[in-house]
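In what follows, a single structure is set out as structure tokens and then discussed.
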Amino acid sequence: MSTPTVIAGWGAVNGVLVAILLAYGGGVFELSLYASVVLLLELVAVAAFVSNQRLGDTPPVSPAPSRSRQSLLAALVVAFVGLGLVYRVYMMIPAAYPGLALLGEWGKALWERISPDEADDVPEPEPAEGGGGAAGAIAVAGAVAAGVATARSRWRRRTE
Amino acid sequence: MTTAEVARPDEVLPSVPHVGGWLLTTDHKRIAAMTLAVATFLFFGMGVLALIMRSQLAQPGLSIVSHDVYNQIFTIHGSGMIYLVITPFAIALGVYLVPLQIGAPAIAAPKTTMLGFWLYVIGAVSLLSGFALTGGAGSDGWTAYPPLSDSQFTQGKGMDLWMFGVFVAVLGMILMSATLLWTVLMKRMPTMTMLRLPVFTWSMVVSVLMVLGAFPSLLAALGLLAVGRMDPSVFDHNIWNIGFQHLFWFYGHPVVYVMFFPFVGAVAEVLSTFAGRPFSGYKPTVFSLLAFAALSMSVWGHHMFTTGQATNGYYQLTSTLLLVPAGIEYFGMLSTLIGGKLRFPVPMLFALAFIPQFLVGGLTGIMVATPGLDYHAQDSYFVVGHFHYTLLAGSVFGLFAGFYFWFPKVTGVMLREGLGKLHFWLMVVGTNVTFLPFFALGMLGMPRRVATYPDLPWWGTLNLISTIGAGILGLAMIAFAMNIALSLTFRQIAPADPWGGHTLEWVTSSPPPPMNFNADWPLPRVTSFTPLLDLRKRAAARAAS
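In order, the protein sequences belong to chains A and B. For the first sequence, the numbering used here assigns the number 1152 to the initial residue and increments by one for each residue that follows. For the second sequence, the numbering used here assigns the number 3 to the initial residue and increments by one for each residue that follows.
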């Protein structure tokens, strides 16, 4: 028994339960909801199977980085986008700073993957110092200025 | 405690690393420890909200808080416990333990796991920040049924923050679960076959399968609600009201099992460790867990019996069928105890109490899974009693069994047995005194989600008893908090294996080194789902010969 088999088998059992729901005269909404999930599970099983085939049962252990800023940056983007969705759209603007920094991190990771030899020569940038910090400060200042300008124009329109 | 010794805090334990080492970490143990810490902290907060509610309901006609604030409190209590406390605790326990139990040096996709943690934190902040607003926090219950929750009937930003908070917290849990499944798929040590996975790891596998199958449905429901809050006329059409309920409960029922299975796994590990023998009926239990989980995906409509727009016969059938795999697991647990050399430290006490208390929750669940009975009990305190027996008397007792069992592994220090036993007995008394009266109140017709109630025969008395029980639960949580604080301040160093465990996490140091196992803490040969027990048996056989 392998993991893809477990996922596929579990999805198939759910498929049987969908069929019983159909036999009981389940509604279209119920049936389509449950059937789509069975489909999703089978797709996950296929993805697991392909990964297993490609990498084998015991893939080589690659050393994971001990630290990563990407998760925190992505979460900050989500937080600012959320603020924008709940309050005002312009509150999404500060998401630009972590968003750009995240793109930079991804670019760097991609570069390291494409040409690991050259990437080894590139010194690890210190967090929140030097050029990155300055660029960030400029981006935040710009975002705040844009936000204030938008808020002022909206306020004027409301009070007029 | 066998080999624990007392030491000053700065003597033996590693010093606390730089804060950035935690906030930017990719170590699954740190990610899980932070998630567990946040969930435990929020657990105390949700308990305070529960105490406020019970104080309000102690007698008829009390008004400690306004009705509007009461609505916010019960909404955040329910939402917080489900979205922010028990589910994240269950998944974080897996994030910590599964890589260790399968002999993996790390979790798959650690950055994604860490993103899951951050999304969970953002969700928690968003959901709770509604209390700081003039209009207050979300106030439509953890289900947020439209049209009550659309912008026409629930104005203010509190509900929007609630929706965003739930969305991102649940998204975070989906990401964590996906990486867990991928870890079991890709990171098992060579001899760790699927049928050598420990019971806890199996319970996590089936839980994350349910997360991946069911949780996206809640995201869709919240998306629908967001559209409805922009244009309330959406919910003028019955299809979308009922559609929301289907989407919600397609998540809402499996999540109960996601909050339950990991703790069944934890209880199984605790029972077998303190019985000194392998879990009885391993393979039937594994297959019953898979069947249980599949059935749990198919029962969501029993929450909608009274709408008249669900296929009641089907949902009654699948809900009643749940008894079969549940029974197999129960027989597995009980037969593990029979003939074992039982020991009774705190984790074992919580595990033993889990068995009968969850049974009450399960059997009352079968009662409300019968449409005829459900029509009577719908929206009454009977249902509140049922799910509190399932989640508090069941899952939370399993949670505490796991907490006391693995705390030494995670922190490297032992919890105090005396305070632990005080915590346990206060929990047992408090839980049953609080929640047993709910069944009687429900049968007497007291509706749920009410800020006050009329002075009808027995209503005041039963509510008063329940409030006294809640006070005892409050004392239990104080004992628990004191135990953690004292144990972390005046440390008794935990050995690698303080309990005589059976699975691979006990072969490494407490807490484990960065890549879990190394030359000092090597992995043994795995020949069954209890590798350490096998190791001891082989050593005993060698010694005897």
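Using N, Cα and C, we set each Cβ at its ideal position, and we do this for glycine too.
When the Cα of residue i is compared with those of the options, which residue comes out closest?
{"i": "Phe155/B", "options": "Phe492/B, Gly310/B, Lys189/B, Phe237/B", "result": "Phe237/B"}
{"i": "Met299/B", "options": "Gly1176/A, Val1167/A, Val1157/A", "result": "Val1167/A"}
{"i": "Ser81/B", "options": "Met161/B, Gly143/B, Leu173/B, Tyr259/B", "result": "Gly143/B"}
{"i": "Gly1178/A", "options": "Ile495/B, Phe426/B, Ala312/B", "result": "Ala312/B"}
{"i": "Ile474/B", "options": "Asn485/B, Trp427/B, Pro456/B, Leu99/B", "result": "Trp427/B"}
{"i": "Val40/B", "options": "Val71/B, Gly22/B, Ile93/B", "result": "Ile93/B"}
{"i": "Val186/B", "options": "Ile368/B, Gln359/B, Phe407/B, Gly105/B", "result": "Gly105/B"}
{"i": "Pro286/B", "options": "Pro327/B, Gly400/B, Val97/B", "result": "Pro327/B"}
{"i": "Met196/B", "options": "Met306/B, Gln494/B, Gln103/B", "result": "Gln103/B"}
{"i": "Val260/B", "options": "Phe346/B, Met55/B, Ser205/B, Gly414/B", "result": "Ser205/B"}
{"i": "Glu419/B", "options": "Gly374/B, Leu488/B, Ser397/B, Phe360/B", "result": "Leu488/B"}
{"i": "Ala111/B", "options": "Lys189/B, Ser151/B, Ala126/B, Ala52/B", "result": "Lys189/B"}
{"i": "Gly342/B", "options": "Val127/B, Asn465/B, Val272/B, Phe402/B", "result": "Val272/B"}
{"i": "Phe557/B", "options": "Thr392/B, Phe405/B, Met116/B, His388/B", "result": "With chain B running from 3 to 547 in the structure shown, residue 557/B is simply not present."}
{"i": "Gly315/B", "options": "Thr529/B, Gly374/B, Leu44/B", "result": "Gly374/B"}
{"i": "Ile516/B", "options": "Val21/B, Thr27/B, Thr366/B", "result": "Note on residue identity: the sequence assigns Pro, not Ile, to residue 516/B. If we check each option's Cα against that of Pro516/B, Thr27/B comes out closest."}
{"i": "Phe265/B", "options": "Gly396/B, Phe307/B, Pro439/B", "result": "Gly396/B"}
{"i": "Pro410/B", "options": "Ile495/B, Ile88/B, Pro101/B, Leu291/B", "result": "Ile495/B"}
{"i": "Glu331/B", "options": "Ala126/B, Phe289/B, Leu458/B, Pro456/B", "result": "Phe289/B"}
For residue i, which residues does DSSP report across the bridge?
{"i": "Thr27/B", "result": "Arg1218/A"}
{"i": "Val415/B", "result": "Ile495/B"}
{"i": "Pro449/B", "result": "Ser382/B"}
Under 7 Å between beta-carbons, which chain A residues line up against residue i? List them in chain order, please.
{"i": "Lys285/B", "result": "None at all; the shortest Cβ gap to chain A is about 10 Å."}
{"i": "Thr27/B", "result": "Arg1218"}
{"i": "Met175/B", "result": "Under the 7 Å cutoff, chain A gives no residues; its nearest Cβ is about 14 Å from Met175/B."}
For residue i, which residues in chain B fall below 7 Å Cβ to Cβ?
{"i": "Ile1244/A", "result": "Under the 7 Å cutoff, chain B gives no residues; its nearest Cβ is about 18 Å from Ile1244/A."}
{"i": "Gly1177/A", "result": "Thr313, Tyr316"}
{"i": "Val1195/A", "result": "Leu214"}
{"i": "Leu1251/A", "result": "Under the 7 Å cutoff, chain B gives no residues; its nearest Cβ is about 18 Å from Leu1251/A."}
{"i": "Leu1261/A", "result": "Neighbours of Leu1261/A on chain B: none; closest Cβ ~14 Å, over 7 Å."}
What residues of chain A sit near residue i, judged by a beta carbon separation below 9 Å?
{"i": "Ser577/B", "result": "The shown model of chain B, from 3 to 547, leaves out residue 577/B, and the question about it has no answer."}
{"i": "Trp120/B", "result": "Ser1222, Leu1223, Ala1225, Ala1226, Leu1227, Val1229, Ala1230"}
{"i": "Leu117/B", "result": "Gln1221, Ser1222, Leu1223, Ala1225, Ala1226, Val1229"}
In its own chain, which residues sit with a C-beta less than 6 Å from the C-beta of residue i, not counting the 5 before and 5 after it?
{"i": "Ile66/B", "result": "Ser57, Gln58"}
{"i": "Phe1231/A", "result": "Met1243, Pro1245, Ala1246"}
{"i": "Ala1186/A", "result": "Val1169"}
{"i": "Trp501/B", "result": "Thr275"}
{"i": "Pro1274/A", "result": "Because the pLDDT of Pro1274/A is 48, which lies under 50, any placement of that residue in the model is unreliable, and the number read from its coordinates should be weighed accordingly. Contacts found: none."}
Just confirm the distance between the C-beta atoms of residue i and residue j, as a whole number of angstroms; I'd bet it's less than 8 Å.
{"i": "Gly245/B", "j": "Met178/B", "result": "Gly245/B to Met178/B, Cβ: 28 Å. No contact."}
{"i": "Ala139/B", "j": "Gln74/B", "result": "5 Å"}
{"i": "Leu1253/A", "j": "Leu1234/A", "result": "Leu1253/A to Leu1234/A, Cβ: 17 Å. No contact."}
{"i": "Phe217/B", "j": "Tyr253/B", "result": "6 Å"}
{"i": "Phe441/B", "j": "Phe399/B", "result": "About 18 Å; that fails the 8 Å criterion."}
{"i": "His388/B", "j": "Val370/B", "result": "6 Å"}
{"i": "Ile470/B", "j": "Val435/B", "result": "6 Å"}
{"i": "His79/B", "j": "Leu44/B", "result": "His79/B to Leu44/B, Cβ: 11 Å. No contact."}
Give the interface partners of residue i over in chain A, defined as CB-CB distance under 8 Å, in chain order.
{"i": "Thr136/B", "result": "Those do not exist, as Thr136/B stays about 14 Å from chain A at its closest Cβ, beyond 8 Å."}
{"i": "Ala296/B", "result": "Trp1161, Val1164, Asn1165, Leu1168"}
{"i": "Gly245/B", "result": "Phe1180"}
{"i": "Lys31/B", "result": "Simply none; closest approach about 12 Å."}
Please list, in chain order, the chain B residues whose beta carbon lies closer than 9 Å to that of residue i.
{"i": "Leu1192/A", "result": "Leu211, Leu214, Gly215"}
{"i": "Ser1266/A", "result": "Here the premise fails: no neighbours, minimum Cβ distance about 21 Å."}
{"i": "Val1237/A", "result": "Ser128, Lys159, Asp162, Leu163, Met165, Phe166"}
{"i": "Val1240/A", "result": "Neighbours of Val1240/A on chain B: none; closest Cβ ~13 Å, over 9 Å."}
Counting only the same chain and skipping the five closest in sequence on each side, list residues whose C-beta sits under 8 Å from that of residue i.
{"i": "Thr1154/A", "result": "Ala1199, Asn1203"}
{"i": "Leu183/B", "result": "Val207, Val210, Leu211, Leu214"}
{"i": "Ala1170/A", "result": "none"}
{"i": "Ala323/B", "result": "Looking at the sequence shown, residue 323/B is not Ala but Leu. Leu297, listed in sequence order."}
{"i": "Met165/B", "result": "Gly140, Ala146, Leu224, Leu227, Ala228, Arg231"}
{"i": "Leu525/B", "result": "Gly105, Met191, Leu506, Val509, Phe519"}
{"i": "Tyr72/B", "result": "Met55, Gln58, Ala453"}
Quick one: list the residues of chain B neighbouring residue i, beta-carbon separation under 8 Å, in chain order.
{"i": "Glu1181/A", "result": "His248, Gly303, Ala312, Thr313"}
{"i": "Tyr1248/A", "result": "Residues of chain B passing the Cβ test: none, with the nearest at roughly 16 Å."}
{"i": "Gly1233/A", "result": "Ile124, Ser128, Phe166, Val170"}
Apart from the five residues just before and just after residue i, which ones in its own chain have a Cβ nearer than 7 Å to its Cβ?
{"i": "Ser274/B", "result": "Pro280, Phe281, Thr338, His504"}
{"i": "Phe250/B", "result": "Thr145, Leu220, Ala223"}
{"i": "Asp499/B", "result": "Trp508"}
{"i": "Ala1/B", "result": "Beyond the ends of chain B as shown, which are 3 and 547, falls residue 1/B; an answer cannot be given."}
{"i": "Ala542/B", "result": "none"}
{"i": "Leu344/B", "result": "Phe276, Ala277"}
Name the chain E residues whose beta carbon is nearer than 7 Å to that of residue i?
{"i": "Ala1199/A", "result": "Absent from the structure: chain E. Protein chains present are A and B."}
Is any heavy atom in the ligand NAP found nearer than 7 Å to the beta carbon of residue i?
{"i": "Gly63/B", "result": "The ligand NAP is not part of this structure, which contains no ligands at all."}
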